[in-house]
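Trainee: Using this note's numbering, you'd call the opening residue of the sequence shown number 2 and step up by one each time.
My structure is below; once you've seen it, I'll send some questions.
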Amino acid sequence: MSRTVEGPVYVSAPVQAAYSYCEVVTGGQARNFAYGIRLLPADKRQAMSALYAFSRRVDDIGDGALAPEAKRERLESTRELLARIRNGSVAEDDTDPVAVALTHAARRFTIPLGGLDELIDGVLMDVRGEAYETWDDLKVYCRCVAGAIGRLSLGVFGTQPGAQGAERAPEYADTLGLALQLTNILRDVREDAGNGRVYLPSDDLAKFGCSTGFHSATPPEGSDFAGLVQFEVRRARTLFAEGYRLLPMLDRRSGACVAAMAGIYRRLLDRIERDPESVLRGRVSLPGREKAYVAVRGLSGLDARTISRQTVRRRA
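Okay, here's the thing in structure tokens:
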């Protein structure tokens with residue numbers, strides 16, 4: 002179970018206002034994340050919104066226009082705020098609504114807040130402009146910026162009492178985060194190149210003759226760009242299959258939330274696989290009606306059951 006205390010937790014007016022602020026941030030900025038968390042009961046939805054709002058703040062520092070040294074200072078200042086949240090020293094009347102909401106959420110649920118330290122570490126990798134030679138190298142980054150979010154979310158969801166294999170739930174949540182992040186990397190390959198970032202491992206790029214970059218709407222001359230994309234798609238699908246083992250361990254609405262978020266990314270992956278060069282022409286996305294359809298399937302349990310059958314077949 003994920004609750005840290007027995008029974009309902011009192012929510013004062015200042016805390017409720019802080020949660021409302023985080024929900025506005027989430028609804029306004031989370032393109033895919035918001036569709037999943039709408040399926041949660043109020044207390045879990047509020048906690049997930051607080052986690053998102055804090056994570057968004059960290060990401061925005063990394064993606065902002067400040068000089069690298071200024072970004073590092075802001076990130077370390079945010080780490081200091083996280084330490085205050087962790088030790089519960091943020092008062093309900095604090096002027097930072099994200100800190101107020103996350104402090105309260107950490108009292109409600111067993112959230113491993115160290116995962117937000119990992120997120121800061123990952124964004125610092127971006128600030129330093131790190132590149133990745135192998136998939137094992139890239140996994141370190143992905144675990145910081147996405148696997149950690151999976152483990153933080155699991156702290157809110159909890160696992161069902163007596164769930165078989167629940168001791169591996171953090172591992173599966175982490176792996177599902179890697180699957181989502183690799184999908185993001187494929188989707189944003191041209192946008193990232195424009196910002197001077199290349200995330201795909203240099204070993205993979207060299208294997209498919211793609212080491213000259215992704216700055217135009219056409220693949221690098223002489224490269225097998227489609228082969229590169231399909232190779233990474235297969236890697237992402239393997240991660241999804243492993244991460245989906247988390248779903249039977251969750252209660253119905255938490256499982257629906259995860260199935261909806263993951264389902265949106267799997268559909269993005271399908272689109273990228275069908276037309277690999279689409280990621281060079283612009284951001285691949287799903288229309289809102291399709292995201293809503295995926296969310297409804299998640300709540301009905303259709304995607305969870307389909308995923309479970311696929312996972313069983315893969316194990317066999």
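No residue lacks a Cβ here, since even glycine has one placed at the ideal position from N, Cα and C.
These numbers were taken from a predicted model, which means no experiment stands behind them.
Kindly indicate which three-state DSSP category residue 34 falls into: helix, strand or coil?
Mentor: By one-based count along the sequence shown, residue 34 stands at place 33. Three-state result, residue 34: helix.
Trainee: If the criterion is Cβ atoms closer than 9 angstroms, does the pair residue 117 and residue 59 meet it?
Mentor: For the purposes of this step, residue 117 is taken as residue 116 along the sequence shown, with counting starting at 1. For the purposes of this step, residue 59 is taken as residue 58 along the sequence shown, with counting starting at 1. A contact, by the Cβ cut-off of 9 angstroms.
Trainee: With DSSP as the reference, label residue 110 as helix, strand or coil.
Mentor: Looking up residue 110 in the sequence shown gives position 109. Looking at residue 110 - three-state DSSP - the assignment turns out to be strand.
Trainee: Is the stretch 63–81 touching the stretch 125–143, taking contact as three or more C-beta pairs under 8 angstroms?
Mentor: These segments touch.
Trainee: What's the call for residue 92, buried or exposed, on a 16-neighbour Cβ count within 10 Å?
Mentor: The sequence position of residue 92 within the sequence shown is 91, counting from 1. Burial call: exposed.
Trainee: Assuming residue 265 and residue 297 are in contact, meaning their beta carbons sit under 8 angstroms apart, how far apart are those beta carbons, in whole angstroms?
Mentor: For the purposes of this step, residue 265 is identified with residue 264 of the sequence shown, where counting begins at 1. For the purposes of this step, residue 297 is identified with residue 296 of the sequence shown, where counting begins at 1. Not quite, the Cβ-Cβ distance comes to about 12 angstroms (not below 8 angstroms), so this is no contact.
Trainee: Roughly how many whole angstroms lie between the Cα atoms of residue 203 and residue 134?
Mentor: Indexing the sequence shown from 1 puts residue 203 at position 202. Indexing the sequence shown from 1 puts residue 134 at position 133. Rounded to whole angstroms, residue 203 to residue 134 spans 5 angstroms at the Cα level.
Trainee: Would you mind stating whether residue 184 and residue 38 have Cβ atoms separated by less than 9 angstroms?
Mentor: On the sequence shown, position 183 is the one that residue 184 refers to. On the sequence shown, position 37 is the one that residue 38 refers to. Going by C-beta atoms, residue 184 is not nearer than 9 angstroms to residue 38.
Trainee: Beta carbon of residue 151, beta carbon of residue 176: below 9 angstroms?
Mentor: Walking along the sequence shown from the start, residue 151 turns up at place 150. Walking along the sequence shown from the start, residue 176 turns up at place 175. Yes, the Cβ-Cβ distance between residue 151 and residue 176 is below 9 angstroms.
Trainee: Measuring only the C-alpha atoms, how far is residue 269 from residue 147?
Mentor: In the sequence shown, the residue the question calls residue 269 occupies position 268. In the sequence shown, the residue the question calls residue 147 occupies position 146. C-alpha separation (whole angstroms): 17 angstroms.
Trainee: Out of 194, 52, 11, 12, which one is the CA nearest neighbour of residue 326?
Mentor: Here the chain has residues from 2 to 317 only, and residue 326 is not among them.
Trainee: In angstroms, rounded to a whole number, what distance separates the CA positions of residue 244 and residue 15?
Mentor: In the sequence shown, residue 244 corresponds to position 243, counting from 1. In the sequence shown, residue 15 corresponds to position 14, counting from 1. Roughly 37 angstroms between the two C-alpha positions.
Trainee: Quick one: give me the first and last residue of the alpha helix (DSSP H) that residue 147 is part of.
Mentor: Indexing the sequence shown from 1 puts residue 147 at position 146. Element bounds for residue 147: n/a, residue is neither H nor E.
Trainee: Take the Cβ of residue 221 as the centre, count every other Cβ of all protein chains shown within 10 Å, and call the residue buried at 16 or more, exposed below.
Mentor: Against the sequence shown, residue 221 aligns to sequence position 220. Looking at its Cβ environment, which holds 16 or more other Cβ atoms inside 10 Å, residue 221 is buried.
Trainee: Would you tell me roughly how many angstroms separate the C-alpha atoms of residue 249 and residue 233, rounded to the nearest one?
Mentor: Reading the sequence shown from its first residue, position 248 is the one you call residue 249. Reading the sequence shown from its first residue, position 232 is the one you call residue 233. Rounded to the nearest angstrom, the two C-alpha atoms are 27 angstroms apart.
Trainee: Quick one: any contact between the stretch 274–287 and the stretch 212–231, if contact means 3 or more CB pairs under 8 angstroms?
Mentor: Result yes; three or more Cβ-Cβ pairs closer than 8 angstroms.
Trainee: Which residue wins for smallest C-alpha separation from residue 231, given the options 208, 252, 19?
Mentor: Residue mapping note: residue 231 aligns to position 230 of the sequence shown, counting from 1. The shortest Cα separation from residue 231 among 208, 252, 19 belongs to 208.
Trainee: Give me the residue from 104, 159, 192 with the minimum Cα distance to residue 82.
Mentor: As a position in the sequence shown, residue 82 is number 81, starting the count at 1. Minimum Cα distance to residue 82 is reached at 104.
Trainee: According to the Cβ coordinates, are residue 251 and residue 110 closer than 9 angstroms?
Mentor: The residue given as residue 251 occupies position 250 in the sequence shown. The residue given as residue 110 occupies position 109 in the sequence shown. Against a cut-off of 9 angstroms, the Cβ pair of residue 110 and residue 251 comes out as no contact.
Trainee: If we call anything under 9 angstroms between Cβ atoms a contact, is residue 36 one with residue 293?
Mentor: Numbered from 1 along the sequence shown, position 35 holds the residue referred to as residue 36. Numbered from 1 along the sequence shown, position 292 holds the residue referred to as residue 293. For residue 36 and residue 293, yes; Cβs fall inside 9 angstroms.
Trainee: Could you name the residues of the same chain whose beta carbon sits closer than 6 angstroms to that of residue 186, not counting the 5 residues immediately before and after it, in chain order?
Mentor: Walking along the sequence shown from the start, residue 186 turns up at place 185. Once the five neighbours on either side are set aside, the close Cβ partners of residue 186 are 200.
Trainee: Mark residue 271 as exposed unless 16 or more other C-beta atoms lie within 10 angstroms of its C-beta, in which case mark it buried.
Mentor: For the purposes of this step, residue 271 is identified with residue 270 of the sequence shown, where counting begins at 1. So residue 271 counts as exposed.
Trainee: Determine the burial state of residue 20: buried for a count of at least 16 other Cβ atoms within 10 Å of its Cβ, exposed for fewer.
Mentor: The residue you call residue 20 lines up with position 19 of the sequence shown. Label assigned to residue 20: buried.
Trainee: Span of the alpha helix (DSSP H) holding residue 270?
Mentor: Along the sequence shown, one-based indexing puts residue 270 at 269. Taken as a continuous stretch (DSSP letters only), the alpha helix (DSSP H) holding residue 270 covers 253–275.
Trainee: Mind listing, in chain order, the continuous beta strand (DSSP E) runs of no fewer than 3 residues lying wholly within the stretch 65–133?
Mentor: Whole beta strand (DSSP E) segments, 3+ residues: zero.
Trainee: Please classify residue 237 as buried or exposed, where buried requires at least 16 neighbouring CB atoms within 10 angstroms.
Mentor: Taking the first residue of the sequence shown as 1, we reach residue 237 at position 236. It counts as buried.
Trainee: Who are the Cβ neighbours of residue 73 in its own chain at under 8 angstroms, not counting the five residues just before and after it?
Mentor: As a first step, residue 73 is located in the sequence shown; it is residue number 72 there, counting from the start. Correct list, in chain order: 125, 128.
Trainee: Tell me the DSSP secondary structure of residue 171 in three-state form.
Mentor: In the sequence shown, counting from the first residue as 1, residue 171 sits at position 170. In the structure shown, residue 171 sits in a helix (DSSP, three-state: H, G or I).
Trainee: Residue 160: which of 205, 112, 189 sits nearest, CA to CA?
Mentor: Translated into the one-based positions of the sequence shown, residue 160 becomes position 159. Checked all of 205, 112, 189; the closest Cα to residue 160 is 112.
Trainee: Assuming residue 215 is part of the alpha helix (DSSP H), what are its boundary residues?
Mentor: In the sequence shown, residue 215 corresponds to position 214, counting from 1. Residue 215 -> no alpha helix (DSSP H), and no H or E assigned at all.
Trainee: Can you tell me which of 291, 193, 49, 247 puts its alpha carbon nearest to the alpha carbon of residue 170?
Mentor: Numbered from 1 along the sequence shown, position 169 holds the residue referred to as residue 170. The option with the nearest alpha carbon to residue 170 is 247.
Trainee: Report the option in 108, 54, 84 whose CA atom is closest to the CA atom of residue 27.
Mentor: Position 26 of the sequence shown, counted from the first residue, corresponds to residue 27. Among 108, 54, 84, the Cα nearest to that of residue 27 belongs to 54.
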